[in-house]
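Working notes, structure below.
In the working numbering, the protein residues as written are 2 to 255.
What follows is the structure, given as C-alpha coordinates:
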(Lines of atoms letter the chains of each structure in order from A and count residues from 1; the text may use other names and numbers.)
(Lines give C-alpha, C1' and ligand atoms only; values in the text may rest on other atoms or scores of the structure.)
Protein backbone atom coordinates (compact mmCIF):
# COMPACT_ATOMS: atom_id res chain seq x y z
CA UNK A 1 0.00 0.00 0.00
CA UNK A 2 1.57 3.29 -1.14
CA UNK A 3 1.36 6.78 0.35
CA UNK A 4 -1.35 7.91 -2.06
CA UNK A 5 -3.61 5.06 -1.01
CA UNK A 6 -3.01 5.85 2.66
CA UNK A 7 -3.90 9.52 2.14
CA UNK A 8 -7.13 8.52 0.41
CA UNK A 9 -8.29 6.43 3.37
CA UNK A 10 -11.23 7.63 5.43
CA UNK A 11 -10.54 9.27 8.79
CA UNK A 12 -12.37 6.40 10.52
CA UNK A 13 -9.95 3.85 9.06
CA UNK A 14 -6.93 5.88 10.13
CA UNK A 15 -8.42 6.30 13.61
CA UNK A 16 -8.86 2.52 13.94
CA UNK A 17 -5.26 2.00 12.79
CA UNK A 18 -4.04 4.50 15.41
CA UNK A 19 -6.13 2.79 18.09
CA UNK A 20 -4.57 -0.55 17.10
CA UNK A 21 -1.07 0.92 17.46
CA UNK A 22 -1.91 2.41 20.88
CA UNK A 23 -3.51 -0.79 22.17
CA UNK A 24 -0.62 -2.90 20.87
CA UNK A 25 1.88 -0.66 22.65
CA UNK A 26 -0.09 -0.71 25.91
CA UNK A 27 -0.30 -4.51 25.91
CA UNK A 28 3.42 -4.71 25.15
CA UNK A 29 4.23 -2.38 28.03
CA UNK A 30 1.99 -4.21 30.50
CA UNK A 31 2.92 -7.83 29.74
CA UNK A 32 6.17 -7.51 27.79
CA UNK A 33 4.59 -9.26 24.79
CA UNK A 34 1.54 -9.14 22.58
CA UNK A 35 2.01 -6.11 20.32
CA UNK A 36 1.71 -8.13 17.07
CA UNK A 37 -1.15 -10.19 18.56
CA UNK A 38 -3.18 -6.99 18.85
CA UNK A 39 -1.82 -4.96 15.96
CA UNK A 40 -1.27 -7.44 13.12
CA UNK A 41 -4.86 -8.73 12.83
CA UNK A 42 -6.37 -5.24 12.97
CA UNK A 43 -3.97 -3.83 10.37
CA UNK A 44 -4.51 -6.96 8.27
CA UNK A 45 -8.26 -6.34 8.32
CA UNK A 46 -7.75 -2.67 7.38
CA UNK A 47 -5.01 -3.19 4.78
CA UNK A 48 -3.44 -6.63 4.13
CA UNK A 49 -1.26 -9.16 5.93
CA UNK A 50 1.97 -8.21 4.12
CA UNK A 51 1.48 -4.55 5.16
CA UNK A 52 0.77 -5.53 8.77
CA UNK A 53 3.77 -7.88 9.01
CA UNK A 54 6.06 -5.24 7.49
CA UNK A 55 4.93 -2.51 9.89
CA UNK A 56 5.20 -4.64 13.02
CA UNK A 57 8.54 -6.14 12.01
CA UNK A 58 10.02 -2.66 12.54
CA UNK A 59 7.94 -1.67 15.57
CA UNK A 60 8.70 -5.05 17.14
CA UNK A 61 12.44 -4.56 16.68
CA UNK A 62 12.47 -1.08 18.19
CA UNK A 63 10.31 -1.95 21.21
CA UNK A 64 12.21 -5.14 21.93
CA UNK A 65 15.62 -3.45 21.77
CA UNK A 66 14.27 -1.26 24.56
CA UNK A 67 13.07 -4.19 26.67
CA UNK A 68 16.12 -6.37 25.93
CA UNK A 69 18.42 -3.68 27.32
CA UNK A 70 16.14 -2.88 30.27
CA UNK A 71 15.82 -6.54 31.38
CA UNK A 72 19.24 -7.89 30.33
CA UNK A 73 20.35 -8.41 33.94
CA UNK A 74 17.20 -10.41 34.74
CA UNK A 75 18.09 -13.28 32.37
CA UNK A 76 20.48 -15.73 34.09
CA UNK A 77 20.79 -18.30 31.27
CA UNK A 78 22.17 -16.38 28.28
CA UNK A 79 22.86 -19.60 26.33
CA UNK A 80 19.18 -20.57 26.50
CA UNK A 81 18.12 -17.14 25.22
CA UNK A 82 20.62 -17.12 22.35
CA UNK A 83 19.61 -20.59 21.15
CA UNK A 84 15.93 -19.65 21.37
CA UNK A 85 16.49 -16.36 19.53
CA UNK A 86 18.73 -17.60 16.70
CA UNK A 87 16.46 -20.59 16.08
CA UNK A 88 13.64 -18.05 15.84
CA UNK A 89 15.69 -15.98 13.39
CA UNK A 90 16.15 -18.99 11.10
CA UNK A 91 12.44 -19.74 11.34
CA UNK A 92 11.56 -16.12 10.53
CA UNK A 93 13.66 -16.21 7.35
CA UNK A 94 11.95 -19.42 6.21
CA UNK A 95 8.52 -18.06 7.17
CA UNK A 96 9.13 -14.82 5.26
CA UNK A 97 9.92 -16.84 2.13
CA UNK A 98 6.52 -18.53 2.50
CA UNK A 99 4.56 -15.35 3.28
CA UNK A 100 3.43 -14.61 -0.26
CA UNK A 101 2.25 -18.13 -1.13
CA UNK A 102 1.59 -20.08 2.06
CA UNK A 103 -1.84 -21.60 2.60
CA UNK A 104 -1.73 -21.61 6.37
CA UNK A 105 -5.31 -22.37 7.49
CA UNK A 106 -4.55 -25.97 8.61
CA UNK A 107 -1.45 -24.81 10.50
CA UNK A 108 -3.37 -22.02 12.23
CA UNK A 109 -6.16 -24.39 13.30
CA UNK A 110 -3.62 -26.89 14.63
CA UNK A 111 -1.78 -24.22 16.60
CA UNK A 112 -5.07 -22.84 17.94
CA UNK A 113 -5.91 -26.33 19.21
CA UNK A 114 -2.51 -26.65 20.90
CA UNK A 115 -2.86 -23.26 22.58
CA UNK A 116 -6.42 -23.93 23.77
CA UNK A 117 -5.34 -27.30 25.18
CA UNK A 118 -2.46 -25.62 27.04
CA UNK A 119 -4.68 -22.83 28.44
CA UNK A 120 -7.28 -25.36 29.59
CA UNK A 121 -4.58 -27.56 31.11
CA UNK A 122 -3.05 -24.61 33.00
CA UNK A 123 -6.44 -23.55 34.35
CA UNK A 124 -7.16 -27.05 35.67
CA UNK A 125 -3.57 -27.70 36.86
CA UNK A 126 -2.22 -24.23 37.70
CA UNK A 127 0.85 -25.53 39.55
CA UNK A 128 2.19 -27.57 36.60
CA UNK A 129 5.20 -26.27 34.73
CA UNK A 130 7.75 -27.43 32.20
CA UNK A 131 11.06 -28.16 33.90
CA UNK A 132 14.15 -26.16 33.00
CA UNK A 133 15.81 -29.36 31.79
CA UNK A 134 12.92 -30.13 29.42
CA UNK A 135 12.85 -26.52 28.27
CA UNK A 136 16.55 -26.72 27.48
CA UNK A 137 15.91 -29.73 25.23
CA UNK A 138 12.94 -28.10 23.47
CA UNK A 139 14.29 -24.57 23.11
CA UNK A 140 15.58 -24.89 19.52
CA UNK A 141 12.46 -26.51 17.97
CA UNK A 142 10.25 -24.08 19.92
CA UNK A 143 12.26 -21.12 18.66
CA UNK A 144 12.32 -22.42 15.09
CA UNK A 145 8.56 -22.95 14.95
CA UNK A 146 7.90 -19.63 16.66
CA UNK A 147 10.06 -17.86 14.08
CA UNK A 148 8.36 -19.70 11.22
CA UNK A 149 4.96 -18.51 12.44
CA UNK A 150 6.29 -14.97 12.88
CA UNK A 151 7.72 -14.83 9.38
CA UNK A 152 4.73 -16.37 7.63
CA UNK A 153 1.93 -14.65 9.50
CA UNK A 154 3.34 -12.07 11.89
CA UNK A 155 2.41 -14.04 15.03
CA UNK A 156 4.87 -16.25 16.90
CA UNK A 157 2.83 -16.23 20.12
CA UNK A 158 1.21 -19.68 19.68
CA UNK A 159 4.64 -21.21 20.11
CA UNK A 160 7.01 -18.65 21.68
CA UNK A 161 4.74 -17.33 24.44
CA UNK A 162 3.18 -20.74 25.11
CA UNK A 163 6.64 -22.28 25.50
CA UNK A 164 7.94 -19.61 27.90
CA UNK A 165 4.67 -19.54 29.83
CA UNK A 166 4.99 -23.30 30.40
CA UNK A 167 8.37 -22.69 32.04
CA UNK A 168 6.70 -20.28 34.52
CA UNK A 169 9.56 -17.83 34.34
CA UNK A 170 9.45 -14.84 36.71
CA UNK A 171 8.04 -11.76 34.97
CA UNK A 172 11.41 -9.94 34.51
CA UNK A 173 13.10 -13.06 33.11
CA UNK A 174 10.08 -13.78 30.89
CA UNK A 175 10.16 -10.26 29.42
CA UNK A 176 13.95 -10.27 29.00
CA UNK A 177 13.88 -13.65 27.23
CA UNK A 178 10.96 -12.97 24.88
CA UNK A 179 12.28 -9.49 24.06
CA UNK A 180 15.70 -10.85 23.07
CA UNK A 181 13.92 -13.53 20.99
CA UNK A 182 11.90 -10.92 19.09
CA UNK A 183 14.83 -8.52 18.80
CA UNK A 184 17.27 -10.98 17.21
CA UNK A 185 14.53 -12.55 15.09
CA UNK A 186 13.52 -9.13 13.72
CA UNK A 187 17.13 -8.33 12.79
CA UNK A 188 16.98 -11.25 10.35
CA UNK A 189 13.32 -10.92 9.35
CA UNK A 190 13.51 -7.26 8.28
CA UNK A 191 16.29 -7.67 5.65
CA UNK A 192 14.52 -10.78 4.32
CA UNK A 193 11.25 -8.86 3.93
CA UNK A 194 13.15 -6.04 2.19
CA UNK A 195 14.83 -8.43 -0.27
CA UNK A 196 11.42 -9.96 -1.04
CA UNK A 197 10.03 -6.42 -1.60
CA UNK A 198 7.44 -6.93 1.14
CA UNK A 199 9.05 -4.25 3.31
CA UNK A 200 9.42 -0.97 1.40
CA UNK A 201 10.57 2.56 2.12
CA UNK A 202 7.02 3.78 2.69
CA UNK A 203 6.65 1.25 5.51
CA UNK A 204 9.64 2.85 7.25
CA UNK A 205 7.89 6.22 6.89
CA UNK A 206 4.64 4.85 8.37
CA UNK A 207 6.58 3.34 11.27
CA UNK A 208 8.15 6.73 11.91
CA UNK A 209 4.67 8.21 12.24
CA UNK A 210 3.53 5.36 14.51
CA UNK A 211 6.61 5.32 16.73
CA UNK A 212 5.64 8.19 19.06
CA UNK A 213 2.12 6.92 19.94
CA UNK A 214 3.42 3.34 20.11
CA UNK A 215 6.24 4.33 22.47
CA UNK A 216 3.94 6.43 24.67
CA UNK A 217 1.52 3.50 24.95
CA UNK A 218 4.37 1.16 25.98
CA UNK A 219 5.43 3.68 28.63
CA UNK A 220 1.85 3.86 29.97
CA UNK A 221 1.63 0.06 30.03
CA UNK A 222 4.89 -0.21 31.98
CA UNK A 223 3.54 2.21 34.58
CA UNK A 224 0.40 0.08 34.98
CA UNK A 225 2.47 -3.14 35.17
CA UNK A 226 3.97 -2.01 38.49
CA UNK A 227 0.62 -2.78 40.10
CA UNK A 228 0.32 -6.23 38.48
CA UNK A 229 1.01 -9.20 40.80
CA UNK A 230 2.73 -12.38 39.64
CA UNK A 231 -0.57 -14.26 39.69
CA UNK A 232 -2.31 -11.57 37.68
CA UNK A 233 0.60 -11.54 35.23
CA UNK A 234 0.25 -15.32 34.69
CA UNK A 235 -3.50 -14.91 34.15
CA UNK A 236 -2.88 -12.07 31.71
CA UNK A 237 -0.59 -14.30 29.66
CA UNK A 238 -3.22 -17.05 29.59
CA UNK A 239 -5.86 -14.53 28.52
CA UNK A 240 -3.54 -13.30 25.78
CA UNK A 241 -2.96 -16.87 24.60
CA UNK A 242 -6.71 -17.51 24.54
CA UNK A 243 -7.13 -14.38 22.40
CA UNK A 244 -4.39 -15.69 20.09
CA UNK A 245 -6.25 -19.00 19.69
CA UNK A 246 -9.53 -17.24 18.88
CA UNK A 247 -7.67 -15.04 16.41
CA UNK A 248 -6.05 -18.04 14.72
CA UNK A 249 -9.41 -19.76 14.34
CA UNK A 250 -11.09 -16.65 12.92
CA UNK A 251 -8.24 -16.07 10.46
CA UNK A 252 -8.22 -19.69 9.33
CA UNK A 253 -11.94 -19.70 8.45
CA UNK A 254 -12.09 -16.15 7.04
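We put the beta carbon where it would ideally sit given N, CA and C, even for glycine.
(1) Using DSSP with H/G/I as helix, E/B as strand and the rest coil, what is residue 132?
(2) Buried or exposed: residue 42, going by 16 or more other Cβ atoms within 10 Å of its Cβ?
(3) Under three-state DSSP, which class holds residue 241?
(4) Less than 8 Å between the CB atoms is what I'm expecting for residue 200 and residue 194, so what's the real figure, rounded?
(5) Let me know the secondary structure DSSP gives residue 166 once reduced to three states.
(6) Give the DSSP-derived three-state secondary structure of residue 49 in the structure shown.
(7) Between the segment 214-222 and the segment 25-39, do three or more beta carbon pairs fall short of 8 Å?
(8) How long is the line joining the alpha carbons of residue 182 and residue 143, rounded to whole angstroms?
(9) Can you confirm whether residue 249, when its beta carbon is compared against all beta carbons of chain C, has any partner nearer than 7 Å?
(10) Can you give me the Cβ contacts of residue 75 inside the same chain, cut-off strictly under 7 Å, excluding the 5 residues immediately before and after it?
(11) Comparing the CB of residue 220 with every heavy atom of the ligand ADP, is any distance shorter than 6 Å?
(12) Counting pairs of Cβ atoms below 8 Å between the segment 33-51 and the segment 237-247, do you hit three or more?
(13) For residue 250 versus residue 88, is the C-beta distance shorter than 7 Å?
(14) Give me the Cβ distance between residue 167 and residue 130, rounded to the nearest whole Å; I'm assuming they're in contact under 8 Å.
(15) Note down, in chain order, each residue of its chain lying with its Cβ closer than 6 Å to the Cβ of residue 119, except the 5 sequence neighbours on either side.
(16) With a 10 Å radius around its C-beta and 16 neighbouring C-beta atoms as the bar for buried, classify residue 171 as buried or exposed.
This is what the structure holds:
(1) As a position in the chain shown, residue 132 is number 131, starting the count at 1. Residue 132 sits in coil when the DSSP states are folded into three classes, being neither helix nor strand.
(2) As a position in the chain shown, residue 42 is number 41, starting the count at 1. It counts as buried.
(3) The residue labelled residue 241 in the question sits at position 240 within the chain shown. Three-state result, residue 241: helix.
(4) Position 199 of the chain shown, counted from the first residue, corresponds to residue 200. Position 193 of the chain shown, counted from the first residue, corresponds to residue 194. About 4 Å separates the two Cβ atoms, so the contact holds.
(5) To locate residue 166, count along the chain shown from 1; it is residue 165. If DSSP states are grouped into helix, strand and coil, residue 166 belongs with the helices.
(6) Along the chain shown, read from residue 1 onward, the residue named residue 49 stands at position 48. Residue state for residue 49 is assigned as coil, using DSSP reduced to three classes.
(7) Yes, they touch.
(8) Taking the first residue of the chain shown as position 1, residue 182 is located at position 181. Taking the first residue of the chain shown as position 1, residue 143 is located at position 142. One alpha carbon belongs to residue 182, the other to residue 143, and they sit about 11 Å apart.
(9) Reference to chain C is not applicable here, since this structure consists of a single protein chain.
(10) Here the question's residue 75 lines up with position 74 in the chain shown. Contacts found: 173, 174 and 177.
(11) The model on display carries no ligand, and the ligand ADP is accordingly not part of it.
(12) Between the segment 33-51 and the segment 237-247 there are three or more inter-stretch CB-CB distances shorter than 8 Å, so the stretches are counted as touching.
(13) Here residue 250 corresponds to residue number 249 of the chain shown, with the count starting at 1. Here residue 88 corresponds to residue number 87 of the chain shown, with the count starting at 1. Between residue 250 and residue 88, the C-beta spacing is not below 7 Å.
(14) As a first step, residue 167 is located in the chain shown; it is residue number 166 there, counting from the start. As a first step, residue 130 is located in the chain shown; it is residue number 129 there, counting from the start. Residue 167 to residue 130, Cβ: 6 Å. Contact.
(15) Against the chain shown, residue 119 aligns to sequence position 118. These residues qualify, in order along the chain: 163.
(16) Here residue 171 refers to the residue found at position 170 of the chain shown. Residue 171 comes out exposed.
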